[in-house]
Amino acid sequence: HTKFELVPGVKLEGEKRAKPAIRYFADFTYYTALGAYVVEDVKSKATRKLAPYRQKKHLMKTVHGMDIKEV
């Protein structure tokens, strides 16, 4: 499982502890024969619709410029 940081941790004013970084853990990452880097995740149809996953998918594209290949 490859880890990608999407949002760094932060210390909010008035909070006792810092909020942890938001991370995405890919099921698989690999390079194709043509040298393209692929981030792959195994998701059911139901899981693909969940808000936390959709937000992380959005952030992967925004922050790292990478699409997640869903299988």
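Per the working numbering: the sequence shown = residues 836 to 906. We treat Cβ as the ideally placed atom computed from N, Cα and C, and that holds for glycine. From a predicted model like this one, the values you see are computed outputs, not experimental measurements.
For H893 and E850, I'd like the C-alpha separation in whole angstroms. Residue numbering aside, residue 893 sits at position 58 when the sequence shown is read from its first letter. Residue numbering aside, residue 850 sits at position 15 when the sequence shown is read from its first letter. Computed Cα separation, rounded: 28 Å.
With C-beta atoms as the reference, is Y859 less than 7 Å away from K891? Mapped onto the sequence shown, residue 859 falls at position 24. Mapped onto the sequence shown, residue 891 falls at position 56. Yes. Within cutoff.
Element boundaries [alpha helix (DSSP H), containing K880]: Position 45 of the sequence shown holds residue 880. Start and end: K880 to R883.
Mind checking whether L841 and I857 have CB atoms under 7 Å apart? Position 6 of the sequence shown, counted from the start, is the residue given in the question as residue 841. Position 22 of the sequence shown, counted from the start, is the residue given in the question as residue 857. Closer than 7 Å, so yes.
Where L869 falls: helix, strand or coil (DSSP): The sequence position of residue 869 within the sequence shown is 34, counting from 1. L869: coil per DSSP, three-state reduction.
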